[in-house]
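Visitor:
Residue numbers (the numbering used here): 1129 to 1186.
1) So, with DSSP's three-state summary, where would you put residue 1146?
2) State the start and end residues of the unbroken beta strand (DSSP E) segment that holds residue 1163.
3) Are residue 1142 and residue 1165 close, meaning C-beta to C-beta below 8 Å?
4) Determine whether the beta carbon atoms of residue 1160 and residue 1150 lie at a separation below 8 Å.
5) Mind checking who residue 1158 pairs with in its DSSP beta bridge?
Structural data, given as structure tokens:
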């Protein structure tokens, strides 16, 4: 089941979903439920990151 989220800086939106398995362990959302798509979006320091001059600061 997808989770609808508001857009963040520069329109970036994480893609999260709730998953259920009858054989699943007790997760952060309860018995058999898990949250997928957990990742990190972190800003690069100014002057760092980017490739070949195609830097885009948030």
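Glycine is no exception: its CB is placed at the ideal position from the N, C-alpha and C atoms.
Guide: In this structure, then:
1) Along the chain shown, one-based indexing puts residue 1146 at 18. Of the three classes helix, strand and coil, the one that applies to residue 1146 here is strand, per DSSP.
2) One-based indexing of the chain shown puts residue 1163 at position 35. Where residue 1163 is concerned, the enclosing beta strand (DSSP E) stretches over 1161-1164.
3) Here residue 1142 refers to the residue found at position 14 of the chain shown. Here residue 1165 refers to the residue found at position 37 of the chain shown. Yes, the Cβ-Cβ distance between residue 1142 and residue 1165 is below 8 Å.
4) For this step, residue 1160 is matched to residue 32 along the chain shown. For this step, residue 1150 is matched to residue 22 along the chain shown. Yes; because the gap between Cβ atoms is below 8 Å, this pair is in contact.
5) If you number the chain shown from 1, residue 1158 lands on position 30. 1155, per the DSSP bridge assignment.
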